[in-house]
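Worksheet: one structure, shown below.
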Amino acid sequence: MKSLLILLLVISWPLYATDTEREQRWVEQTVDTIFDGEPVFLAADGHQFLGIYTPAQAASDSASNKGIIVLHGTGLHPDWEQVVQPIRVKMTERGWNTLSIQLPLLEASAKYEDYVPLYVEVPARIQAATKYLADRGVETIVIVAHSQGATMASYYLARSEHNIQALVAIGMSAQHSQPDINSAASLKLIDIPVLDIYGGRDFPSVLQTAEKRRLGAAHNERYQQIVIPDAYHFFDNTDHEKQLIEVVDEWLQQK
């Protein structure tokens, strides 16, 4: 069945700014190794892309109507083992349905700023993910995004009509001079609750722009910054990963 889905994805792909061949390679490398959750293929402007849907494990009345859209960082995929996979799997144990989606890609050597032309492809993907969850009875939908995925999420939330109720941005920077893809500029236009969380040993671009992000969100009383001491950008230490999950879960419970 998974092989058939992969074939359908290949033959239906038109040309886009995203590197469709690289997206396809990620599909081939990840779909058959998914342990928790199931692959789904969503459509955005006629383009099919991979998502991984993982239903909530908690047996409660509220478990079925809460959902998280998970967004990965630069050049990665929706089952990336650091940050992305822990969020999409561990948060189902806390009563959340999760849908981790593939964001637009460039070749592996592409730099952060090379992704500028791909930002216009992001809204349709997030909207498709939102619809997928809503069609399954999910009423409360939030975004938890890592690295450039967080900047893409802020771009979307600042410029699109949406029903996203909160944003958790993990390791988000504000390094680009173009306002459209600078999270500090986007935060000026976002009024929903935002958790800006990063590691004490995060990338310089994250650490050095923390104040810019805070100032950008100065109007938003529901914006909060939290630093996990000694954690790196990918929270690859087991203790730091656990702290990340706990902080995200505790913050979302309050929303």
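Letter by letter, the sequence shown follows residues 984 to 1238 in the working numbering. For every residue, glycine included, the Cβ atom is placed at its ideal position computed from N, Cα and C.
By the beta-carbon neighbour count (other beta carbons within 10 angstroms, threshold 16), GLN1085 is buried.
If you look at ALA1168, you'll find it in the alpha helix (DSSP H) that goes 1166-1170.
A direct Cα-to-Cα measurement between THR1081 and GLN1191 gives close to 31 angstroms. Non-local beta-carbon contacts of GLU1090 in its own chain, meaning distances under 7 angstroms to residues more than five positions away in sequence, involve ASP1002 and ARG1005 in chain order. Every beta strand (DSSP E) of 3 residues or more that sits fully in the segment 1167-1216 is shown, in chain order, as 1177-1182 and 1206-1211.
GLN1237 and LYS1114 have their C-alpha atoms some 24 angstroms from each other. Here GLN1161 has no same chain residue with a Cβ atom under 6 angstroms from its own Cβ, once five neighbours each way along the sequence are excluded. Between the alpha carbons of ILE1070 and GLN1226 lies a distance of about 12 angstroms.
When the five nearest sequence neighbours on each side are left out, the beta carbons in the same chain lying within less than 8 angstroms of the beta carbon of PRO1061 are those of THR1013, LEU1033, GLY1034, ILE1035, VAL1053, HIS1055, VAL1067, ARG1071, SER1083, ILE1084 and GLN1085, in order along the chain. MET1074 is the residue among MET1074, ALA1026, TRP1009 and GLY1058 whose C-alpha sits nearest the C-alpha of GLY1020. When only Cα atoms are considered, ILE1173 and GLN1065 end up about 27 angstroms apart.
ARG1108 is the residue among ARG1108, ALA1093, LEU1059 and VAL1103 whose C-alpha sits nearest the C-alpha of VAL1023. Taking 8 angstroms as the cut-off, the beta carbon of THR1123 is found closer than this to the beta carbon of ASN1048. At a Cβ-Cβ threshold of 8 angstroms, ALA1111 and LEU1178 do not count as neighbours. Rounded to the nearest whole angstrom, the C-alpha separation of GLY1183 and ALA1193 is 11 angstroms.
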